[in-house]
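Position one of the sequence shown corresponds to residue 114 (the numbering used here), numbered consecutively onward.
Glycine included, every Cβ here is placed at the ideal spot set by N, Cα and C.
Computed from a predicted structure; not experimentally measured.
Remarks on the structure that follows.
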Amino acid sequence: MLDADVPIGEGTLILSPACNAIAGRLPLCDGKEIANINALRIRKEYEGNGHISKLMREIECYAKNHKIARLTIGVEAKEIRNLAIYLHLGFTEFLFSEVEEGELVLYLGKTIKI
Numbered sequence: 114m115l116d117a118d119v120p121i122g123e124g125t126l127i128l129s130p131a132c133n134a135i136a137g138r139l140p141l142c143d144g145k146e147i148a149n150i151n152a153l154r155i156r157k158e159y160e161g162n163g164h165i166s167k168l169m170r171e172i173e174c175y176a177k178n179h180k181i182a183r184l185t186i187g188v189e190a191k192e193i194r195n196l197a198i199y200l201h202l203g204f205t206e207f208l209f210s211e212v213e214e215g216e217l218v219l220y221l222g223k224t225i226k227i
């Protein structure tokens with residue numbers, strides 16, 4: 114995502130369960146119909162202006178065009194603001210939780226219409 118040719122945010126859509134970030138966890142990414150959103154962020158000075166929603170729409174559009182029917186995302190439980198954003202964006206299905214690097218991470222899912 115750019116503002117006057119300056120990157121203001123990023124989001125990675127993981128399509129392969131072989132990716133280290135997924136570590137073979139098929140509920141997060143199966144290489145067919147389920148993909149995982151990773152590294153979703155906006156630079157601090159651009160927060161609160163709807164950029165995450167715009168970025169998510171772009172990711173969903175890409176996913177739909179590639180026949181992805183389900184998106185997943187992880188969030189540290191202590192990141193209440195991020196959790197609220199993901200719930201607002203439709204990630205309302207709790208998949209599972211894990212402790213990663215000492216932090217509780219919640220994994221959420223969302224079905225998208227293709």
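ask   = By the 10 Å Cβ neighbour count, where 16 or more other Cβ atoms means buried, how is Pro120 classified, buried or exposed?
value = exposed
ask   = Who pairs with Lys145 in a beta bridge, going by DSSP?
value = BP columns for Lys145 are empty, so no partner.
Bridge-paired residues (DSSP) for Ser210 = Leu219
ask   = Whose CA, out of Ile135, Leu202, Ile193, lies closest to the CA of Thr224?
value = Leu202
request  = Report yes if the C-beta distance between Leu80 and Ile186 is below 9 Å; otherwise report no.
outcome  = Given a span of 114 to 227 for the chain in the structure shown, any question on residue 80 remains unanswerable.
Nearest-angstrom Cα separation, counted from Thr205 out to Ile165 = 17 Å
query = Mind checking Arg183: buried by the 16 CB within 10 Å criterion, or exposed?
reply = buried
query = Would Asn149 be called buried (16 or more neighbouring beta carbons within 10 Å of its own) or exposed?
reply = buried
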